[in-house]
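If you're matching positions, the sequence shown starts at 1403 in my numbering and goes up one per residue.
Beta carbons are placed, not taken as given, at the ideal position from N, Cα and C, and that holds for glycine.
Here's the structure, in structure tokens; my notes come after.
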Amino acid sequence: MLPTHPSAARAIHRADYRPPAFWIDTVALTFDLDPAKTRVLNRMTLRRNPAVAAQALRLDGEDLSLVRVLCNGAGTSFRLEEGVLVLEKLPSDDKPFELEIFTTCTPVDNTRLMGLYVSQDTFTTQCEPEGFRRITYFLDRPDVMARFTVTLRADRDRYPVLLSNGNLVDSGPLDGNRHMATWEDPFRKPCYLFALVAGKLACREQRVVSRTGKEHLLQVYVRPADIEKTEHAMQSLCKSVVWDESRFGLSLDLERYMIVATSDFNMGAMENKGLNIFNSKYVLAARATATDADFANIERVIGHEYFHNWTGNRITCRDWFQLSLKEGLTVFRDQEFSMDLCAQPSARAVQRISEVRDLRTVQFAEDASPVAHPVRPDSYVEINNFYTATVYEKGAEVVRMMQTLVGREGFAAGMRLYFERHDGSAVTCEDFLRAVSDANPGSLLATRCAAFERWYSQAGTPRIVVSDHYDPDAATYTLHLAQNCPQCPGQATAAPFVLPIALGLVGARTGAALPLHPQSEIPGRQDGDSLLVVLDQSQCSLRFEQVQEPPVPSLLRGFSAPAIVQYAYSDDQLYTLLANDTDPFNRWEAGQRLALQHAVAVITSGTGTGDTGALSGRFLDAMRGVLRHPGLDPAFKDLVLTLPSEAYISEQLDVVDPQRIHAVREAMRTQLATALQEDWQWAYEQHGDNGGYRFDPVSCGRRALCGLALAYLCLAAEVEQAMQAHPVWPGKAYQRCKDADNMTDRFHALSALVHSGNALAQPALARFYEQFRSEELVIDKWFALQAGCNDRGGQVLSAVRKLLQHPDFTLRNPNRARSVIFSYCLHNPGAFHRVDAGGYVLWGEQVLAIDAINPQVAARLVRAMDNWKKLAQPYRDGAFDALSRLAGKADLSKDVRELVTRVLAD
Ligand code: TRP
Ligand code: ZN
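What follows is the structure in structure tokens.
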């Protein structure tokens, strides 16, 4: 039994949703900005919701000092109940009335970074999901939408730029060297989309004309020193505007669209209406300081927040259980955006593979853990804990399946109907599904809409169990498909999911794409050499005729459903797919399966053979074939030649020994490094610099493959060195750290030295630090690389402890805290899981230390222990001890408390 504490918070249930008892029509906010004491005057007009029985008005508030409450200009009685401002004596008729609430707050002490806070002497806000209540008393729920007018007053020298949502309608000087600005947002919005910014900022701007002929002003605000790093962000924003118009016919609805970068931010970015606030990591880029991955992330996140303007802001969520309504859909949209920016089909495939790789390592693990939850959760204690891979990434897959079932055109029609029906309102996930379905009567989706809805209500990753039979005499091939889903916490057995399965047949002898002649009642659709079938029962059979050679099934092409395919592929079959499949996703998948099968066999064999490497000569030859292949993209080769991560290997095992997994995978990498040494050398030389830095899929692919080659070459060098040879590659990597003309190449070289454990790593790290000490985002990488370092003799833990003492380290800046602590605890399993439990001890200390500053960030760190029950001994006992110690602490935030409780529950 866990101890209960007075602060133990109540769970909120989706089934308890009730419409609000009052509506708020307009809000006029006046801020006197002062870091130590900001005064907030809130004048709003409200009226009773005639659909709800008369009751008291209960306004949310948190960490506020209440000065005054007036109703229609006169004093009124009120009381405070656990932070909630309760007003009982309000006009009883249905007429609008005015409420004036005067409060103060202390932005400089706001270390949670929710509500109004100060970052580097700039005022910033973060209101989603429940931060607005830290600014003023309000009905802090997304179904209450009001029109906002905001006046900001502040010192003119210290805060020359004053921003809020909408249009600037007034500005000017005030007495005492102060000034003011008034902003009016023409759109009704929920308060979680409110934002203000005040500080010393510079701005890059650009005008764009939308299809409607209207001109819009786009602005990117940053610290003056960063203005040179905003070009890529602005370009990404322009591309986003163009894409949403051409793909979905959605135009920008604002005269002015602003993006502000801040260094202190809990998450990636926030879609506040017309005034997006971004973690600077997703805005600032220059070739000297940002990697290709940074450039790509900026493009994606800028797109994501921009697309929220329609999917999230124009149509918002009825309640926070519907979070995936906006997040799943908007992630789907940003994925489509990134894909559509790729000119080549192969680059689209690369994009898809990277997304699926993330989904399978993070979301599948979440779905298999004690914190598993449906895309639309049923209850929560702290909603911040539900901004998860399930809600975001699996939610996006659910939307993608809708598109797969109704087709691209049908999906666009569904979007149009969604806006026709719901523009300007707060709705549910079901409303979206219904719109897509209704727009496509008779479609594969519309005919099984109720069953499809289970993707929102049931947790867990479905398994597709496949068996087959080929009859050479009759030339028929039968596929048997069945589905099941493992038990999830608090969920009875799952009913069948609607699984769109794209598949094809590849000739085992010729490698040719076999023509498909399906003979069955299964609903589906044919597209080239692929067939889309819908498995919506627990099982079904599918027969093909005129199959002239034994086929290898290529299943779940393009990852057409977020599921696990279980089919007993032979190595021969996988080599056939790796060499021939017309579906690039499954081609990659075949290579991953081969590597996985080798790894799992060695890991579970219990012998020491892992240390000499698990990879067969045939596998190594196949990898060489891919690496040297004249027709494949470097970016694709990079993905194929990267072994499945330790996290993904862990996914395949019932009992996880992180040390053993790490050792076996490292041995495999060393094998790949030495067996293909000449090929890596060739690859490095072939794909090296050919002129200046450009950010495009082809150049990025070349740099990625070069980086991988260098990593393997430095690894091979360690083996040579052990044999008293004098390898040249570490020296070349060191040289590259010095003279690279872009951060991608430089960081690849530095990483190659650090991960291979070469003696040149230390001087390279020192040099890198000196060169970039004034670039906070680069120093984050420097910290992260060391904390995420390949652990060779258990040295990483003490290195991390040293980094925590570094003068540049601080727990208060989330990016910095993540760069050291999260890199170690969440992304370096081989170093974090120790026989002496030292990693877990550090984890427990840091959760507590961060929790005292910023519960939201601390709760993310708790997640390092999600899968503790699968750990082998002694890790399991060590993890349990650490979790129990944490659970026994009295003053945990409700964020951390909820997760620790869930993770420990039986
Ligand atoms: N809505 C944001 C997004 O685009 C998520 C987000 C940003 C957020 N900042 C936050 C969520 C702070 C919770 C708290 O995905
Ligand atoms: Zn989002």
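Take residue i as the anchor and find which of the options has the nearest alpha-carbon.
i       : options                            : result
Ala1837 : Phe1739, Leu1727, Tyr1782          : Leu1727
Ser2225 : Val2237, Asp2238, Arg2203, Ala2239 : Arg2203
Ala1531 : Cys1851, Thr1432, Thr1718, Pro1575 : Residue identity check: residue 1531 is Pro in the sequence provided, not Ala. Pro1531 has its Cα closest to that of Thr1718, out of Cys1851, Thr1432, Thr1718, Pro1575.
Gly2313 : Met2145, Glu2120, Asp2059, Ala2113 : Absent from the structure is residue 2313, since the part of the chain shown begins at 1403 and ends at 2308.
Pro2036 : Pro2099, Ala2118, Pro2216          : Pro2099
Asp2238 : Gly2280, Ala1841, Gln2197          : Gly2280
Gly1601 : Gly1574, Ala1556, Arg1609, Thr1880 : Ala1556
Gln1994 : Gln1968, Leu2041, Val1949, Leu2110 : Leu2041
Asn1699 : Gly1670, Asn1715, Leu1677          : Gly1670
Arg1989 : Met2025, Ala1627, Gly2008, Ala2016 : Met2025
Val1967 : Gln2054, Ala2016, Leu1944          : Gln2054
Val1643 : Phe1723, Leu1743, Asp1587, Ser1494 : Leu1743
Arg2194 : Lys2271, Val2066, Cys1640, Val2264 : Val2066
Leu1482 : Leu1492, Gly1475, Leu1466          : Leu1466
Phe2311 : Val2264, Ala2292, Ala1965          : Limits of the chain in this structure are 1403 at one end and 2308 at the other, which puts residue 2311 out of reach.
His2157 : Ser1771, Val2198, Gly1578          : Val2198
Ala2166 : Arg2148, Glu2177, Leu2179          : Arg2148
If I measure Cβ to Cβ from residue i and keep anything under 7 Å in the same chain, skipping five residues before and after, which residues do I get?
i       : result
Trp1425 : Leu1448, Arg1449, Asn1451, Val1546
Asp1769 : Thr1792, Ala1861, Gly1862, Thr1863
Glu1630 : Ala1688
Ser1653 : Ser1612, Arg1613, Thr1614, Glu1647
Pro2132 : Cys2116, Ala2119, Leu2155, Asn2160, Leu2162
Thr1713 : Lys1728, Leu1731, Thr1732, Arg1735
Ala1774 : Glu1768, Ala1861, Gly1862, Cys1890, Pro1891
Gln2123 : Pro2129
Thr2011 : For Thr2011, the predicted structure reports a pLDDT of 49, less than 50, and the residue's modelled location is therefore unreliable. The matter cannot be settled from this model.
Give a yes or no on whether the C-beta atoms belonging to residue i and residue j are separated by under 9 Å.
i       : j       : result
Thr1527 : Leu1541 : no
Gly1463 : Val1471 : no
Glu1707 : Gln1737 : no
Pro1544 : Asp1721 : yes
Glu1673 : His1618 : no
Phe1680 : Phe1697 : no
Cys1359 : Ala1548 : The first residue shown for the chain is 1403 and the last is 2308, placing residue 1359 beyond what the model contains.
Asp2253 : Asp2182 : no
Ala1397 : Met1804 : Nothing about residue 1397 can be reported from this structure: the residues present for the chain run from 1403 to 2308 only.
Arg2169 : Asp2210 : no
Cys2108 : His2150 : yes
Under 8 Å Cβ to Cβ from residue i, same chain only, skipping five residues before and after it: list those, please.
i       : result
Tyr1858 : Ser1726, Pro1776, Val1777, Arg1778, Val1800, Cys1831, Glu1832, Leu1835
Ala2284 : Ala2239, Tyr2242, Val2243, Trp2245, Gly2246, Met2267
Can you find a heavy atom of the ligand ZN that lies under 8 Å from the Cβ of residue i?
i       : result
Tyr1539 : no
His1710 : yes
Ala1777 : The identity of residue 1777 in the sequence shown is Val, whereas the question assumes Ala. No, the ligand ZN has no heavy atom inside 8 Å of this Cβ.
Gly1714 : yes
Tyr1794 : yes
Looking at residue i and the ligand TRP, is the gap between the Cβ and the nearest heavy atom below 8 Å?
i       : result
Asn1699 : no
Pro2257 : no
Gly1477 : no
Tyr1789 : yes
Met1516 : yes
Leu1480 : Sequence inspection shows Phe at residue 1480; the Leu mentioned does not correspond to that position. No, Cβ of Phe1480 sits at least 8 Å from all heavy atoms of the ligand TRP.
Gly1670 : yes
Gln1765 : no
Pro1531 : yes
Under 6 Å Cβ to Cβ from residue i, same chain only, skipping five residues before and after it: list those, please.
i       : result
Gln2248 : Ile2223
Val1622 : Arg1606, Thr1632, Ala1635, Met1636, Ile1661
Arg1460 : Val1486, Val1488
Answer yes or no: does any C-beta atom of chain B fall closer than 9 Å to that of residue i?
i       : result
Gly1475 : You won't find chain B in this structure, because it holds only one protein chain.
Should residue i be counted as a contact of the ligand GTP given a C-beta to heavy atom distance under 8 Å?
i       : result
Val1733 : Absent from the structure shown: the ligand GTP. Ligands present: the ligand TRP and the ligand ZN.
| request: Count the C-beta pairs between the stretch 2065–2079 and the stretch 2273–2288 that are closer than 8 Å, then say yes if the count reaches three, no if not. | output: no
| message | For the structure I just gave you, are there three or more beta carbon pairs, one from the stretch 1896–1909 and one from the stretch 1929–1936, closer than 8 Å? | response | yes
| message | Across the stretch 1867–1880 and the stretch 1947–1967, are there enough close Cβ pairs to call them in contact, namely three or more that are closer than 8 Å? | response | yes
| message | Quick test of the definition: if touching needs 3 or more C-beta pairs under 8 Å, does the stretch 1989–2003 touch the stretch 2041–2050? | response | yes
| Cβ pair count under 8 Å reaching 3, the stretch 1416–1434 against the stretch 1478–1487 | no
| query | Would you call the stretch 1916–1927 and the stretch 1936–1947 in contact, with 3 or more CB pairs under 8 Å? | reply | yes
| message | Measuring CB atoms only, is the stretch 1839–1859 touching the stretch 1803–1817, in the sense that at least three cross pairs come out at less than 8 Å? | response | yes
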